[in-house]
Structure formats: C-alpha cells, structure tokens
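Take the position in the sequence shown, starting the count at 1, then add 58; the result is the number in our numbering. Every residue, glycine too, gets a C-beta built ideally from N, C-alpha and C. None of these values were measured; they are calculated from a predicted model. Shown next, in structure tokens, is the structure this report addresses.
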Amino acid sequence: MVIIKIIPLKKNDMKALWNGQKIAESDETIIVEGNHYFPASSIDRAYFENSDYHTSCPWKGKASYYTLVVKGEKNKNAAWYYPETKSKANAIENYVAFWKGVDVVE
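Okay, structure coming up:
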C-alpha cells in the first residue's frame with residue numbers, strides 16, 4: 059500500500075531561484091513528496107521554455123518539463139508539471155515544481 063501525502067497551500071512566501079534570478083514566487087505552494095509545487099500563475103514565464111521531455115508517475119500521471127533560461131544559461135528540464143493529473147493528484151494539476159539546482163526558499 060502506498061501512502062500519499064499532499065500538504066496543501068503552505069502560507070509562507072516561497073521563492074524559486076536559479077542563476078541569481080527569482081523565477082517563481084508564491085504564498086500558496088503545495089508540498090508533495092518534499093517538493094514545493096507553485097501555481098502556474100506564480101512563475102515568471104520569461105525564463106521558461108517548453109521541453110519535449112516527459113516522465114510518468116503511477117499516481118500523479120504524465121509530467122511535462124520546462125528548461126530554464128536565465129542570463130544566457132540553460133538548465134535543461136529543471137521544472138516539471140502535470141497538465142492532466144490522475145485523480146489522487148488533482149490538487150497539483152498545472153502546478154510547477156523544481157530540481158536540478160533550483161533553490162526553493164522562504
């Protein structure tokens with residue numbers, strides 16, 4: 059049996075930073091498996107490029123990725139989101155999470 063824990067809407071102001079630039083900020087992140095998921099409206103799309111990369115999670119669904127571009131440097135597939143989640147993950151549909159050196163801080 060898999061236990062799924064979704065912690066909704068952390069009310070601290072969270073920021074995602076990469077290469078010295080704030081790329082997302084929200085006081086309504088959702089924590090899943092230790093990752094802060096930011097509402098799509100909270101990301102600065104000027105730094106995001108769509109990627110052709112995808113992965114699959116058995117309970118969340120198919121993830122799509124973004125490559126970050128900041129100050130001429132790229133961080134390939136450093137952000138992901140689920141455009142269509144499975145029912146257990148509806149709370150994070152279209153929310154964006156980060157890895158690959160992106161700092162998420164208060």
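By Cβ distance, which residues of its chain are closer than 7 Å to F156, with the 5 residues on each side in sequence left out? Residue 156 sits at position 98 when you count from the first residue of the sequence shown. Apart from sequence neighbours up to five positions away, the residues of its chain that approach F156 with a beta-carbon distance below 7 Å are A74, A136, A137 and V162, ordered along the chain.
If you draw a straight line from the C-alpha of F96 to the C-alpha of G130, how long is it? Here residue 96 refers to the residue found at position 38 of the sequence shown. Here residue 130 refers to the residue found at position 72 of the sequence shown. Straight across, the Cα-Cα distance linking F96 with G130 is about 24 Å.
Who does G119 pair with in a DSSP beta bridge? One-based indexing of the sequence shown puts residue 119 at position 61. DSSP, once it has assigned bridges, lists C115 and T143 as partnering G119.
Answer yes or no: do E107 and T87 have a C-beta to C-beta separation smaller than 8 Å? Position 49 of the sequence shown, counted from the first residue, corresponds to residue 107. Position 29 of the sequence shown, counted from the first residue, corresponds to residue 87. Not closer than 8 Å, so no.
Thinking just about the alpha-carbon of each residue, which of V160, E151, N77 and N70 is nearest to the one in W117? One-based indexing of the sequence shown puts residue 117 at position 59. Per the Cα distances, E151.
Counting along the chain, where does the beta strand (DSSP E) carrying Y95 start and finish? The count along the sequence shown starts at 1 and reaches residue 95 at position 37. If you look at Y95, you'll find it in the beta strand (DSSP E) that goes N93 to Y95.
What's the gap between the Cα of V127 and the Cα of R103? As a working mapping, residue 127 is identified with position 69 in the sequence shown. As a working mapping, residue 103 is identified with position 45 in the sequence shown. Cα to Cα, V127 sits roughly 10 Å from R103.
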